[in-house]
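The structure appears below as structure tokens.
In the working numbering, the protein residues as written are 6 to 170.
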């Protein structure tokens, strides 16, 4: 009897450990909205008769400018120029102050003389905006980068503030 039970137990254990799945459901951690399953080995595969689907969750950079529409589709991530156009100038002024930008670049009333006067820039061309995002994130000697402190939304708000003044 023991000779029969052990091989059956062994085969059952191997078969179950390789294909055991748990459903993620509509509120799975991966943002899926349809039924899907995740195997215990970490791969995502639909089980028999089920389909795997995901929606939304679009991201753009650290701040995540994209997002889910919640209706089965996704919105395209906003361009940096669109983010600046929709920027919050009040928040941008606060962030400009909190990150001590005025110490080098000045204010609208008293522009910086030693470093670039950011208030005289046009800030409308996509290229200028893209360069501003890159410089603020990565920095350029002697300016430090702010990639670890400011997400894309914050940078857009700062550029919107600069553009408005």
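Here a beta-carbon is modelled for each residue, glycine too, at the ideal position from N, C-alpha and C.
Keep in mind the model is a prediction, meaning the values are calculated, not measured.
Check                                                                                                                                                                           : Outcome
Threshold first: 3 residues or longer. Then list the beta strand (DSSP E) segments lying entirely within the segment 137-166, N to C.                                           : none
From residue 169 to residue 87, what distance separates their C-alpha atoms?                                                                                                    : 15 Å
Got a sec? Which residues, its chain only, sit under 7 Å from residue 96 by beta carbon, not counting five neighbours each side?                                                : 162
Use the C-beta contact count for residue 157: other C-beta atoms within 10 angstroms, 16 or more gives buried, fewer gives exposed.                                             : buried
Pull up the distance between the alpha-carbon of residue 107 and that of residue 94, whole angstroms please.                                                                    : 15 Å
What are the partner residues of residue 116, as DSSP defines its beta bridges?                                                                                                 : 111
In chain order, what residues of the same chain have a beta carbon less than 6 Å from the beta carbon of residue 151, not counting five sequence neighbours either side?        : 141
In the structure shown, what three-state DSSP assignment does residue 80 receive?                                                                                               : strand
Identify whether residue 129 lies in helix, strand or coil by the three-state DSSP scheme.                                                                                      : coil
Quick one, which of 102, 84, 115 has its alpha-carbon nearest residue 166's?                                                                                                    : 102
Beta carbon of residue 159, beta carbon of residue 85: below 7 Å?                                                                                                               : no
Within the same chain, show all residues whose beta-carbon is closer than 7 Å to that of residue 117, passing over the 5 residues directly before and after it, in chain order. : 109, 110, 111
Mapping the DSSP letters down to three states, classify residue 97 as helix, strand or coil.                                                                                    : helix
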